[in-house]
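Participant: 0 is the number of the first residue of the sequence shown in numbering that gives the first Met the number 0; add one for each residue after it. Glycine included, every Cβ here is placed at the ideal spot set by N, Cα and C. Everything numeric in this text was worked out from a predicted model, so none of it was measured.
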Amino acid sequence: MSYQVTVEPTGDLVEVEEGQTLLDAALRQGVWLPFACGHGTCGTCKVQVLEGDVDVGAASPFALMDMEREEGVVLACCALPESDLVIEADIDVDPDFAGYQIEDYQAKVVSIEELSPTIKGIRLALDRPMQFQAGQYVNLNLPGVEGSRAFSIANSPANASYVDLHVRLVPEGKGTGWIHQTMKVGDELEVSGPYGQFFVRKTDDKDVIFIAGGSGLSSPLSMISDLLEMGDERQIYLFQGARNLAELYKKSELEALAEQHSNFHYLPALNDALASDDWQGFCGFVHEAASDHFKGRLSGHKAYLCGPPPMIDAAITMLMQGRVFEADIHMEKFLTAA
Ligand code: FES
Numbered sequence: 000m001s002y003q004v005t006v007e008p009t010g011d012l013v014e015v016e017e018g019q020t021l022l023d024a025a026l027r028q029g030v031w032l033p034f035a036c037g038h039g040t041c042g043t044c045k046v047q048v049l050e051g052d053v054d055v056g057a058a059s060p061f062a063l064m065d066m067e068r069e070e071g072v073v074l075a076c077c078a079l080p081e082s083d084l085v086i087e088a089d090i091d092v093d094p095d096f097a098g099y100q101i102e103d104y105q106a107k108v109v110s111i112e113e114l115s116p117t118i119k120g121i122r123l124a125l126d127r128p129m130q131f132q133a134g135q136y137v138n139l140n141l142p143g144v145e146g147s148r149a150f151s152i153a154n155s156p157a158n159a160s161y162v163d164l165h166v167r168l169v170p171e172g173k174g175t176g177w178i179h180q181t182m183k184v185g186d187e188l189e190v191s192g193p194y195g196q197f198f199v200r201k202t203d204d205k206d207v208i209f210i211a212g213g214s215g216l217s218s219p220l221s222m223i224s225d226l227l228e229m230g231d232e233r234q235i236y237l238f239q240g241a242r243n244l245a246e247l248y249k250k251s252e253l254e255a256l257a258e259q260h261s262n263f264h265y266l267p268a269l270n271d272a273l274a275s276d277d278w279q280g281f282c283g284f285v286h287e288a289a290s291d292h293f294k295g296r297l298s299g300h301k302a303y304l305c306g307p308p309p310m311i312d313a314a315i316t317m318l319m320q321g322r323v324f325e326a327d328i329h330m331e332k333f334l335t336a337a
């Protein structure tokens, strides 16, 4: 059984299968709707239902308030149609968004690497190339694990036949636990993607600051590789935060990249360096490293933030105090896979 959804103001038609969310159906049929987290917590995907019946699904009460529910607002990433529908969406597509269609892929694990004591790097070869924008993510279905898990793609889109993912072990997390303890080379998985609107705005000549914490290095790594491969001439700064040297992964690769490209600047920071680390670099939180480098004056930059929510909050405050416009700050929020 399926329902037909008319999306206003464009008049696009979307066929939604029973049990499928509005957003999933739209994106798979090449109809773009705004979204970010994809699982009912950020509120980016709100649409107004003009006609028809919908189950609001697993929308968080913080992302969709009671008053909005009463007015017929739903979160497209959670909403399950119960009849044909007419909806109205605020479709204001960023001119730099490529909007590649989301599809399902079969993938084979071709390598597993220990990047740090808590982060594994895995490479999944896809059954056919996936077009994606640097900074986007994929969802993985793991054997015996309920629900999908989202991971940012760490490789550049120039290598479309595989995806590299950085997976931090979340204590008690079933998905990341399976990846760290059970997954082996040769295993086959289902992957869908590409998702997300975290990507570098290219129609802009402002220098670029990336601030990454923990396994949040994956998106910036993909974005930086893409920019450098494309010969982008803007100054590109990467501030990478970690607790200690063992957790500061990809350090030598990034140092080598900075040696090859005079416009790429690699600035790592350790907030809990061990005595044995013999660390000569910045000691403190990663947002403090950025503020220190620019002496608190960051106006005229674009910033891309990826990491745990407290790091993102601290970085936003620092950037706004440093006079970076709110519209120039982009972030990958809520991307936590347990
Ligand atoms: Fe739907 Fe975040 S709440 S995309």
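I want to check one thing, is the minimum distance from the CB of Thr5 to the heavy atoms of the ligand FES below 6 Å?
Facilitator: No, the Cβ of Thr5 stays beyond 6 Å of every heavy atom of the ligand FES.
Participant: Could you spell out where the alpha helix (DSSP H) holding Leu226 opens and where it closes?
Facilitator: Looking at the DSSP string, the run of the alpha helix (DSSP H) that includes Leu226 is 217-228.
Participant: Could I get the ranges of all uninterrupted alpha helix (DSSP H) runs contained in the stretch 250-275, with 4 residues as the minimum, in chain order?
Facilitator: Complete alpha helix (DSSP H) runs here, min 4: 250-259.
Participant: DSSP state of Glu113, grouped into three classes?
Facilitator: Strand at Glu113.
Participant: The ligand FES and Ala62: does the residue's C-beta get closer than 6 Å to at least one heavy atom of that ligand?
Facilitator: Ala62: yes, Cβ under 6 Å from the ligand FES.
Participant: What does the shell around the ligand FES hold, if a residue joins when its beta-carbon is under 6 Å from any heavy atom?
Facilitator: Those satisfying the condition are, in chain order, Phe34, Ala35, Cys36, Gly37, Gly39, Thr40, Cys41, Gly42, Thr43, Cys44, Ala62, Leu74, Cys76.
Participant: For Gly192, is the classification buried or exposed, using 16 other Cβ atoms within 10 angstroms of its Cβ as the cut-off for buried?
Facilitator: So Gly192 counts as buried.
Participant: Would you decide whether Val351 is buried or exposed? Buried here means 16 or more other CB atoms lie within 10 Å of its CB.
Facilitator: Residue 351 cannot be examined here, being either before or after the span of the chain that is shown, 0 to 337.
Participant: Just reading off the beta strand (DSSP E) that Arg27 is part of, what are its end residues?
Facilitator: It is not in any beta strand (DSSP E) - Arg27 instead sits in the alpha helix (DSSP H) that spans 21-27.
Participant: Whole angstroms is fine: what's the gap from Leu188's alpha carbon to Leu168's?
Facilitator: Roughly 18 Å between the two C-alpha positions.
Participant: Mind pulling the alpha helix (DSSP H) runs of 4 or more residues that sit fully within the stretch 118-205?
Facilitator: As far as the stretch 118-205 is concerned, its whole alpha helix (DSSP H) runs of at least 4 residues are 173-180.
Participant: Going by Cα to Cα distance, which pick from Glu228, Asp291, Arg200 is closest to Asn262?
Facilitator: Ranking the options by Cα distance to Asn262, first place goes to Glu228.
Participant: Thinking C-beta only, is Phe34 closer than 7 Å to Thr20?
Facilitator: No.
Participant: Quickly, what does DSSP pair Ile311 with across the bridge? List them, please.
Facilitator: Paired residues: none, contrary to the question.
Participant: Which of the three DSSP states is assigned to Ser59 in this structure?
Facilitator: Here Ser59 sits in coil by DSSP.
Participant: State the start and end residues of the unbroken beta strand (DSSP E) segment that holds Met0.
Facilitator: Run containing Met0: none; DSSP gives neither H nor E here.
Participant: Leaving out the 5 sequence neighbours to the left and right, which residues in its chain are closer than 7 Å to Phe293 when beta-carbon positions are compared?
Facilitator: Excluding positions up to five away in sequence, the list reads Gly321.
Participant: With distance defined between alpha-carbon atoms, name the residue in His165, Lys250, Asp276, Pro94 nearest to Thr202.
Facilitator: Comparing Cα-Cα distances from Thr202 to each of His165, Lys250, Asp276, Pro94, the minimum goes to Pro94.
Participant: Where Gly146 and Glu14 are concerned, what is the direct C-alpha to C-alpha distance, given to the nearest angstrom?
Facilitator: C-alpha separation (whole angstroms): 23 Å.
Participant: Short of 8 Å in beta carbon distance, which residues of its chain neighbour Thr175, apart from the five on each side in sequence? Order them along the chain.
Facilitator: Excluding positions up to five away in sequence, the list reads Arg148, Val166, Arg167, Leu168, Val169, Ala336, Ala337.
Participant: Assuming the contact rule is C-beta atoms closer than 8 Å, Ala211 and Leu244 should be a hit. Round their C-beta distance to whole Å, please.
Facilitator: The pair is not a contact, with the Cβ atoms about 16 Å apart (cut-off 8 Å).
Participant: Roughly how many angstroms lie between the CA atoms of Ile121 and Ser110, to the nearest whole one?
Facilitator: Taking the straight line joining both Cα atoms gives about 6 Å.
Participant: Quick one: what does DSSP say Tyr285 is sitting in, helix, strand or coil?
Facilitator: Strictly speaking, residue 285 in this sequence is Val, with Tyr absent from that position. Correct three-state label for Val285: helix.
Participant: Relative to the alpha-carbon of Gly339, which residue among Ala153, Glu50, Lys205 has its alpha-carbon at the smallest distance?
Facilitator: This structure leaves residue 339 out entirely; the chain is present only between 0 and 337.
Participant: Three or more beta-carbon pairs under 8 Å between the stretch 20-31 and the stretch 98-107, yes or no?
Facilitator: Because the criterion of three Cβ pairs below 8 Å is met, the stretch 20-31 and the stretch 98-107 touch.
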